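Comments concern the structure below.
In the numbering used here, the protein residues as written are 7 to 316.
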């Protein structure tokens, strides 16, 4: 029982010695992080400054892009720091902070994707009543509830995990996760396990089932509707569906028989690739963003040139 007082850090054992290659890995990971920041910030600014994009779908997208920045920041700084270190340890307090960031990111991601499926369901199945059902105050309420719900669930999670008596400090990953910390406990974890199951159902299973339900309704309307309806459904739902599939299956790989470097990449896929996948997918597929983006860029650079001439 007294060992818990001695555990002031956790050892992340998934890292391995890369020698002089660690600088190359550092540059690659840093480039990926900067790409995530650039892609998401660009689309957030684009949506915020263009009044024509102040529609429910794009406001939900803005919340999604903010969450991508939040989630990737919960992983990348620690990852970059650990790549350059020879001893891969992290303090207990920082470990719990990372758990809050990573898990709340996942909760907001699932909630936002479910809300976006509801938005597409209303737009396609009830187009004449869409503006009545999806008013601006309802949009902001749904966004606020997605984030508030996430942090409430994380407060409960941490309040259950932090007081546990820990009899070890080895985490077999490159980042901190709640399940690994609970496994290190030498006190009773029944409440933690029950809450973990409830959280999995509420955060992952319920939103996923709702997304499946909305798409079944959307497909029913598409098959019974006109060609124009099907085209609209495909153009607006494809990036959302791709994002859902990428997020759901991105961390469901079998990591038992893969090389160590590939195992690390796959275990962090949902935190490294999803934040870059979403802005690229939506930026390339949403017609308004495709049109407005280049126009805004040309206006910006032409104004810069005009200012220099002045």
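For each residue, glycine too, the CB sits at the ideal point set by N, CA and C.
All values reported here derive from a predicted model rather than from experimental measurement.
{"Asked": "Please report the residue range of the alpha helix (DSSP H) in which residue 76 lies.", "Found": "62-79"}
{"Asked": "Going by the beta-carbon positions, is the gap between residue 286 and residue 44 smaller than 8 Å?", "Found": "no"}
{"Asked": "Give a yes or no on whether the C-beta atoms belonging to residue 126 and residue 224 are separated by under 8 Å.", "Found": "yes"}
{"Asked": "Please list the terminal residues of the continuous beta strand (DSSP E) segment that includes residue 16.", "Found": "15-18"}
{"Asked": "Please identify the residue among 38, 83 and 91 whose C-alpha is closest to the C-alpha of residue 28.", "Found": "91"}
{"Asked": "In chain order, what residues of the same chain lie with their CB nearer than 6 Å to the CB of residue 198, ignoring the 5 residues before and after it?", "Found": "166 and 188"}
{"Asked": "In angstroms, rounded to a whole number, what distance separates the CA positions of residue 164 and residue 217?", "Found": "28 Å"}
{"Asked": "Compute the Euclidean distance between the alpha carbons of residue 80 and residue 289, then round it to the nearest angstrom.", "Found": "24 Å"}
{"Asked": "If the criterion is Cβ atoms closer than 8 Å, does the pair residue 237 and residue 16 meet it?", "Found": "no"}
{"Asked": "My output table needs one value for residue 99: the three-state DSSP class, helix, strand or coil.", "Found": "helix"}
{"Asked": "Using the DSSP secondary-structure output, state which residues sit across from residue 168 in a beta bridge.", "Found": "DSSP, once it has assigned bridges, lists no residue as partnering residue 168."}
{"Asked": "If you follow the alpha helix (DSSP H) that residue 41 is in, where does it begin and where does it stop?", "Found": "28-55"}
{"Asked": "Since residue 191 sits in a beta bridge, which residues does DSSP pair it with?", "Found": "172"}
{"Asked": "Which full runs of the alpha helix (DSSP H) of 4+ residues lie inside the stretch 78-162, going along the chain?", "Found": "82-90, 98-131 and 136-139"}
{"Asked": "Using only the alpha-carbon positions, how far apart do residue 253 and residue 129 sit?", "Found": "23 Å"}
{"Asked": "Mind checking if residue 279 is an interface residue toward chain B, Cβ cutoff 8 Å exclusive?", "Found": "Among the chains in the structure shown there is no chain B, since it carries only a single protein chain."}
{"Asked": "Considering just the uninterrupted stretch of the alpha helix (DSSP H) at residue 226, what are its terminal residues?", "Found": "212-230"}
{"Asked": "Quick check: the stretch 144-156 against the stretch 96-103, are there 3 or more CB pairs under 8 Å?", "Found": "no"}
{"Asked": "Does the beta-carbon of residue 107 have 16 or more other beta-carbons within 10 angstroms, so that it is buried, or is it exposed?", "Found": "buried"}
{"Asked": "Around the C-beta of residue 234, are 16 or more other C-beta atoms found within 10 angstroms, so that it is buried, or is it exposed?", "Found": "exposed"}
{"Asked": "Apart from the five residues on each side of it in sequence, which residues of its chain come closer than 7 Å, Cβ to Cβ, to residue 148?", "Found": "121"}
{"Asked": "When we look at the beta-carbon of residue 246 and count the other beta-carbons within 10 Å, is it buried (16 or more) or exposed?", "Found": "buried"}
{"Asked": "Grab me the residues of residue 75's own chain with a C-beta within less than 6 Å of its C-beta, minus the 5 sequence neighbours each way, in chain order.", "Found": "46"}
{"Asked": "On the premise that residue 18 lies in contact with residue 161, defined as a C-beta separation below 8 Å, what is that separation, rounded to the nearest angstrom?", "Found": "Actually they are not in contact, since the Cβ atoms of residue 161 and residue 18 sit about 25 Å apart, beyond 8 Å."}
{"Asked": "For residue 200, which beta-bridge partners are listed by DSSP?", "Found": "Beta-bridge pairing links residue 200 to no other residue."}
{"Asked": "Where residue 182 and residue 131 are concerned, what is the direct C-alpha to C-alpha distance, given to the nearest angstrom?", "Found": "42 Å"}
{"Asked": "Taking C-alpha atoms, which residue in 87, 200, 72 and 24 lies nearest to residue 50?", "Found": "72"}
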